[in-house]
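Written out below as structure tokens is the structure these notes cover.
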Amino acid sequence: MNTLILRIAVAVIMLAHSIPSLVTGSVNDFGNGYLNSQGFEPIGLYLAWLIKLSHIACAILLMMNKWVKPICIITILILIAGIAMIHFQEGWFVVGGGRNGMEFNFLLIAVLLSIMYPNGWSKEKGAE
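FYI, full-length UniProt numbering numbers position 47 of the sequence shown as 47, with every residue one higher than the one before it.
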């Protein structure tokens, strides 16, 4: 299976999710405010920047089709942490039935796994 369309789509999402917070400075609020309040002080700000920069790295590497598995694993771990720390308590839905839920992270994880394993879990080349 060719993963080009999925890789480009996820890259656009990761850039749209990271660049605005770097430009507006809200990444600093996320680090100094939220992450530090969750017990990550004094490194909350650094973690916030690492998270956002890893999203940009993910986008670039997915578009280049380089180091796909390592960057997908890193991104999946960040998304799981986001679910555990923020989204789970908000419920499933991002909009409509809830607010800031986990459905979008769940979908991104599924897509990243599909990019990592385009033929599923089978070890056979070309297996469906």
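All C-beta atoms, glycine included, are put in the ideal place defined by N, C-alpha and C.
Alpha-carbon spacing of residue i relative to residue j, whole angstroms
i: Leu-35; j: Val-68; result: 27 Å
i: Val-27; j: Asn-65; result: 27 Å
i: Leu-108; j: Asp-29; result: 24 Å
i: Leu-112; j: Ile-19; result: 20 Å
i: Phe-40; j: Gly-96; result: 32 Å
i: Leu-77; j: Ile-83; result: 10 Å
i: Glu-128; j: Ile-74; result: Unreliable positioning characterises Glu-128 in this predicted model, as indicated by a pLDDT of 43, which lies under 50. The coordinate reading is nonetheless provided below. Distance between the alpha carbons of Glu-128 and Ile-74: 26 Å.
i: Ile-5; j: Val-94; result: 24 Å
Beta-carbon spacing of residue i, residue j below 8 Å
i: Leu-47; j: Gly-25; result: no
i: Ile-115; j: Cys-72; result: yes
i: Met-14; j: His-55; result: yes
Same chain, Cβ closer than 7 Å to residue i, neighbours up to 5 away in sequence not counted
i: Ala-9; result: none
i: Leu-79; result: Asn-105, Leu-108, Ile-109
i: Met-63; result: Arg-7, Ile-8, Ala-11
i: Met-1; result: Pro-118, Asn-119
i: Lys-52; result: Ser-18, Ser-21, Leu-22, Val-27
i: Gly-44; result: Gly-31, Asn-32, Leu-35, Asn-36
8 Å Cβ shell around residue i - same chain, five flanking residues per side excluded
i: His-17; result: His-55
i: Trp-49; result: Val-27, Gly-31
Contacts around residue i, its chain only, beta-carbon distance under 6 Å, and the 5 residues preceding and following it disregarded
i: Leu-61; result: Trp-67, Ile-71
i: Thr-3; result: Ile-115, Pro-118
The segment 81-90 touching the segment 102-118, judged by at least three CB pairs closer than 8 Å: Yes, they touch.
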